[in-house]
Amino acid sequence: MPDWSKEIRSALERLNLEPTREHDVIEELSQHLDDRYEELLAKGVNAQQAYQTLHAELEDGRLSRELKSIIRKAHEPLSPGSSGPKKRLFGGLGRDLRYAVRQLRQSPAFAAVAILSLALGIGANTAIFQLLDAVRMRLLPVKAPEQLAAIRIANDGKGRTGNFFSNNSDLTSSIWNRLHSQQQGFSGVAAWSAIQRNLSQGGEARNANTLMVSGDFFSMLGIRPVLGRLLSPADDYRGCGTQGAVLSYAFWQSEFGGRESALGSKLTLDRQIFQVIGVTPPSFHGVDIGKDFDAAVALCSETAFEQKDSWSDDPQVWWLAVLGRLKPGWTIERASAQLAAISPGIFTASLPPKYDSINKANYLTFRLGATRADKGVSDLRRSAQNPLYILLALSALVLLLACTNLANLLLARATARQREMALRLTLGASRLRLTRQVLAESLLLAVLGTAVGVGLAQLLSRGLITMLGSGRNPVILDMSLDWRVLSFAAGLAGITCILFGLTPALQAFSTDPGSAMKANGRSTTAGREHFLLRRILIVTQVALALVLLSGALLFARSFRNLLALNAGFEQDHILTAEFNYSALHLPQERRPAFQKDLLDRVSAIPGVQSVASTFIVPISHSGWDDNIDVPGGPQRQTIWFNSVSPSFFQTLRIPLVSGRDFNDLDTPTSPRVAVVSETFARKFFQGANPVGKIVTDSGKPDKTYQIIGMVKDMKYQNLREDFLPILFVSSTQDKDLGEGVTLMIRSNDSMESLASAVKRVAADVNPSMVLTLSIFRTEIKEDLSGERLMANLTGFFGALAIILAIVGIYGVISYMVARRKGEIGVRMALGAARRNILVMIVREAFILLGIGTLIGTAIAIAVGVMARSMLFGLKAYDPVILGSSILGLAVIVILSSLLPARRAASIDPMVVLREE
Amino acid sequence: MAPQVFDQQLKKGSAELLILTLVEHRSRHGYEISKLIEERSGGALKFNVASFYPMLYRLEERGLIAGRWVEKAGQRRRRYYKLTAQGKDVLKTQRATWLDFVNAIHRITEAENA
Numbered sequence: 000m001p002d003w004s005k006e007i008r009s010a011l012e013r014l015n016l017e018p019t020r021e022h023d024v025i026e027e028l029s030q031h032l033d034d035r036y037e038e039l040l041a042k043g044v045n046a047q048q049a050y051q052t053l054h055a056e057l058e059d060g061r062l063s064r065e066l067k068s069i070i071r072k073a074h075e076p077l078s079p080g081s082s083g084p085k086k087r088l089f090g091g092l093g094r095d096l097r098y099a100v101r102q103l104r105q106s107p108a109f110a111a112v113a114i115l116s117l118a119l120g121i122g123a124n125t126a127i128f129q130l131l132d133a134v135r136m137r138l139l140p141v142k143a144p145e146q147l148a149a150i151r152i153a154n155d156g157k158g159r160t161g162n163f164f165s166n167n168s169d170l171t172s173s174i175w176n177r178l179h180s181q182q183q184g185f186s187g188v189a190a191w192s193a194i195q196r197n198l199s200q201g202g203e204a205r206n207a208n209t210l211m212v213s214g215d216f217f218s219m220l221g222i223r224p225v226l227g228r229l230l231s232p233a234d235d236y237r238g239c240g241t242q243g244a245v246l247s248y249a250f251w252q253s254e255f256g257g258r259e260s261a262l263g264s265k266l267t268l269d270r271q272i273f274q275v276i277g278v279t280p281p282s283f284h285g286v287d288i289g290k291d292f293d294a295a296v297a298l299c300s301e302t303a304f305e306q307k308d309s310w311s312d313d314p315q316v317w318w319l320a321v322l323g324r325l326k327p328g329w330t331i332e333r334a335s336a337q338l339a340a341i342s343p344g345i346f347t348a349s350l351p352p353k354y355d356s357i358n359k360a361n362y363l364t365f366r367l368g369a370t371r372a373d374k375g376v377s378d379l380r381r382s383a384q385n386p387l388y389i390l391l392a393l394s395a396l397v398l399l400l401a402c403t404n405l406a407n408l409l410l411a412r413a414t415a416r417q418r419e420m421a422l423r424l425t426l427g428a429s430r431l432r433l434t435r436q437v438l439a440e441s442l443l444l445a446v447l448g449t450a451v452g453v454g455l456a457q458l459l460s461r462g463l464i465t466m467l468g469s470g471r472n473p474v475i476l477d478m479s480l481d482w483r484v485l486s487f488a489a490g491l492a493g494i495t496c497i498l499f500g501l502t503p504a505l506q507a508f509s510t511d512p513g514s515a516m517k518a519n520g521r522s523t524t525a526g527r528e529h530f531l532l533r534r535i536l537i538v539t540q541v542a543l544a545l546v547l548l549s550g551a552l553l554f555a556r557s558f559r560n561l562l563a564l565n566a567g568f569e570q571d572h573i574l575t576a577e578f579n580y581s582a583l584h585l586p587q588e589r590r591p592a593f594q595k596d597l598l599d600r601v602s603a604i605p606g607v608q609s610v611a612s613t614f615i616v617p618i619s620h621s622g623w624d625d626n627i628d629v630p631g632g633p634q635r636q637t638i639w640f641n642s643v644s645p646s647f648f649q650t651l652r653i654p655l656v657s658g659r660d661f662n663d664l665d666t667p668t669s670p671r672v673a674v675v676s677e678t679f680a681r682k683f684f685q686g687a688n689p690v691g692k693i694v695t696d697s698g699k700p701d702k703t704y705q706i707i708g709m710v711k712d713m714k715y716q717n718l719r720e721d722f723l724p725i726l727f728v729s730s731t732q733d734k735d736l737g738e739g740v741t742l743m744i745r746s747n748d749s750m751e752s753l754a755s756a757v758k759r760v761a762a763d764v765n766p767s768m769v770l771t772l773s774i775f776r777t778e779i780k781e782d783l784s785g786e787r788l789m790a791n792l793t794g795f796f797g798a799l800a801i802i803l804a805i806v807g808i809y810g811v812i813s814y815m816v817a818r819r820k821g822e823i824g825v826r827m828a829l830g831a832a833r834r835n836i837l838v839m840i841v842r843e844a845f846i847l848l849g850i851g852t853l854i855g856t857a858i859a860i861a862v863g864v865m866a867r868s869m870l871f872g873l874k875a876y877d878p879v880i881l882g883s884s885i886l887g888l889a890v891i892v893i894l895s896s897l898l899p900a901r902r903a904a905s906i907d908p909m910v911v912l913r914e915e
Numbered sequence: 000m001a002p003q004v005f006d007q008q009l010k011k012g013s014a015e016l017l018i019l020t021l022v023e024h025r026s027r028h029g030y031e032i033s034k035l036i037e038e039r040s041g042g043a044l045k046f047n048v049a050s051f052y053p054m055l056y057r058l059e060e061r062g063l064i065a066g067r068w069v070e071k072a073g074q075r076r077r078r079y080y081k082l083t084a085q086g087k088d089v090l091k092t093q094r095a096t097w098l099d100f101v102n103a104i105h106r107i108t109e110a111e112n113a
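Protein sequence lines, in the order shown, are assigned to chains A and B.
Numbered by numbering that gives the first Met the number 0, the letters in the first sequence go through residues 0 to 915 in order.
Numbered by numbering that gives the first Met the number 0, the letters in the second sequence go through residues 0 to 113 in order.
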């Protein structure tokens, strides 16, 4: 019988049928021809002729012609197959992705865990980066921001003395005026100062962030009004009084409902009446990043606010910041050089006459210089930058941890699919193609995780902003997504994909089809090198979790230290009330009696235990420092002053160690007396009782104080500082009282009812008096918002790390136990006791824990050193924290390895060996 | 040449109907079908392998017949075809159409002859 299959195959050749179909057709047709052949032979046709007859039927090409239109050609090779018909690098990428989607849909739990953990990691990173971007990297939304420069004293050690009235008190008016007329490198320079001014005409104060700006501020920045006009040089002239005010867009919306009729309306700022002349565009929030402004008025209006104490005329009042726009062709360096050149003239001419010789000599060394200001100026940048970098580093570790977990999960999946891979390789798939397909799954996970993460980041970053700011000082930042944030997120997606996708991909790449097929997924000697990879993953996880855990504990302890800190006073049950009675125009001689009356009335409020006035409210970040001379002892020593009324120490519960408190017998005419802190006594009298000793205000021999008492130490400007040497003077001896007084009121009553009682008192005394109330404890707590942010976030990261580590370590050890079932079975068959098996698994976990701990400790110490300046009352390598972190991790490792170890120990060797 | 071409077309046109009819009540393999056509037409209709199987596959492709491999003890496996539900419907209409056509032809030729 002739073999027809060859002839049929050659007839079908050009059709490129699917192999199975071609095989079927050949078989069917061969049978037919065999039957016909036999039939012909039976009819008496000789073999030769029969063959030729049938052969002719196949010869004429009709078969392939007829079949062509009917039978579908073979599909292009399936995705896990070869590199596709056209061997392009990315040929079939779409199919890889579709295949990846199918794979993920097959295991939705895995996909959900993977995407969620990635989203958390990427979300946290993106949120923090978004903040950094807003604080550090965004250009000011003004015309050509790259030409802007800030002009300051370039060599300002700590020699500037005088009064400082804002966060950006760089220059005095007299320096600014001379700088304005003598500089050459800038096509325009403008001065500004941000000050809170009261909107209400009496009663409780309502503050507006007011920008005082020189006439060319808006034109120099290139800001155009959305309504009306902006301030111009014509508005800023000496003696201008109070005229036009420009509103920010947000303030226009909130206060004037965005009505055009707002133009021409009145705006009261610290009881001065301005007329609204225009509104700035919504994108403009001033030049101080993190802050917003409500209204802007001309610099010259300052004299209307301060009247006879005008800052503009006082060469010791530092209150201005200056920005300039470089002339075309001028660089920052060249402009700085020109500023340095004109500096000696400027500082000689503006020398404050009241300075003593040392201050004068120091003042004359000052040189002006310019620095880039394309991103605006920012206090926040200084204060938030380091915490944000640390948080970014820690959140990167969380992401890394999530990635190692995912790598593990994917690796386990890849191992389970090793036989499939091997089969594909045997069938001719290229290694590159298989690797790419594994990577496609990772890529898909990364992209989905990033998409969810970026959405999460929007919520997180807004939460972060509120945590960064405080009720009184909200942080305002432009958090819209920009290309930097988006490329950061995309970069994260790429990096994470490579991080967790690479190991399984490499495994797919290096699959040896022969051994993989033979191993059949389980063997006594399964994959030594794969265990190595997994062991590395466990070590990494332990190390990362240790870093995050100890970081969380460090910041939590630091925060708790600050909360539990003995500040030297009792902060509960105290209301701070700031009265401003400048509206009453009281002459100097009536002010002491007025203040005494106010104090007495407040003392009479039911529930009030004690009341005292203070010039500096503790922990308000304000201070009053000056130099003193100790006769026969140290000279020109910087110390901290406060002017307080009698019973201040009683109100704040600061214990008097020796001597007496101030009393009403201390009057402007009696000898000056002072109370000092213990640190003061230690510093200047070597701990001896200072009562009776004399100190003198340096350079002012008329100001000599006799020390009448010593009190325990207290924190002065902030909680983080060491105890400072403080000298308290009595406000009852003050010959020059201002038009305001701050009272600290201790009461057992609730703060709310106390506040309304104080408001009633103020209204009774005079309704036009302006009052600002705050709860002392709340203010102190807000001072710790930065620490709270760090403690909360690192705590969150720490918790995340623990969960990820438990899942990861448990997963890996269970997997290793499952894979070593055969080996364990053999060991047990050869006489190993269950206990030995248990110990073997746990011991292995402990070795990995040990290595991970060593690496983690090193990194944790490095992170601690980086964060040292942010820690309070702790060393960067606090042994207790490191110890408890290690202990915590050890517990986690034991717990997550014990379960799989017990499972290993309960293996029945007979069952396992039979499976083999 | 012309009559033979006509023959070819006629053969092809009728072949579908013939195949469907043969697998209507029982499944048959390809050789059996082609053999039956040849026998029952008294040798007037004959298909060679290169034109018969493409026809079978076309019917299968259109879903009118379904083929499957059947193994019987001691025999080579063979592919058996049977009529599908869709094939039944098509067979019904084709039969009716052919009958109408044959009748029409018949009426015309009878009338001319009468």
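Glycine residues also receive a C-beta, built at the ideal position from the N, C-alpha and C atoms.
Straight-line CA distance for residue i to residue j?
i               : j               : result
G375 of chain A : N385 of chain A : 18 Å
T347 of chain A : I341 of chain A : 10 Å
V69 of chain B  : R77 of chain B  : 5 Å
G41 of chain B  : L35 of chain B  : 10 Å
L117 of chain A : L837 of chain A : 34 Å
Assign residue i to one of three DSSP states: helix, strand, or coil.
i               : result
D355 of chain A : coil
M743 of chain A : strand
F871 of chain A : coil
R333 of chain A : helix
C620 of chain A : This sequence places His at residue 620 of chain A; Cys is not what is there. Note: H620 of chain A maps to coil in three-state DSSP.
F46 of chain B  : coil
E569 of chain A : coil
E75 of chain A  : Annotation note: pLDDT 44 at E75 of chain A (below 50); position unreliable, coordinate value reported separately. If DSSP states are grouped into helix, strand and coil, E75 of chain A belongs with coil.
Y236 of chain A : coil
A108 of chain A : helix
T171 of chain A : strand
D696 of chain A : strand
Looking at the unbroken alpha helix (DSSP H) that takes in residue i, where does it start and where does it end?
i               : result
M827 of chain A : 820–828
N45 of chain A  : Taken as a continuous stretch (DSSP letters only), N45 of chain A belongs to no alpha helix (DSSP H), as it is neither H nor E.
L399 of chain A : 378–415
I150 of chain A : Per DSSP, I150 of chain A belongs to no alpha helix (DSSP H); it is in the beta strand (DSSP E), 147–152.
Going by DSSP, what residue range makes up the beta strand (DSSP E) through residue i?
i               : result
S609 of chain A : 607–612
W68 of chain B  : 64–69
K34 of chain B  : That residue, K34 of chain B, is in no beta strand (DSSP E); its alpha helix (DSSP H) goes 29–39.
Below 6 Å CB to CB, which residues in the same chain sit around residue i once its five sequence neighbours on both sides are set aside?
i               : result
S335 of chain A : G368, A369
S905 of chain A : none
F795 of chain A : none
Which residues in the same chain have their Cβ closer than 7 Å to the Cβ of residue i, if we skip the five residues on either side of it in sequence?
i               : result
T637 of chain A : D624, N626
Q3 of chain B   : A caution first: Q3 of chain B carries a pLDDT of 43, below 50, which makes its placement in the model too unreliable to give a value.
F499 of chain A : C402, L405, A406, L409, S441
Chain A contacts from the segment 45–60 of chain B (Cβ-Cβ distance under 7 Å):
Per Cβ criterion, the list reads N47, V48, A49, S50, Y52, P53, Y56, R57, E60.
When you check each C-beta in the segment 64–79 of chain B against every C-beta of chain A, which residues fall closer than 9 Å?
G66, W68, R75, R76, R77, R78
Given a limit of 7 Å on CB to CB distance, which residues of the segment 15–39 of chain B reach chain A?
Cβ contacts with chain A come from G29, Y30.
Along the segment 11–32 of chain A, where does the CB come closer than 7 Å to a CB of chain B? Name the residues.
Taking 7 Å as the Cβ-Cβ cut-off against chain B, the residues of the segment 11–32 of chain A that qualify are E27, L28, Q30, H31, L32.
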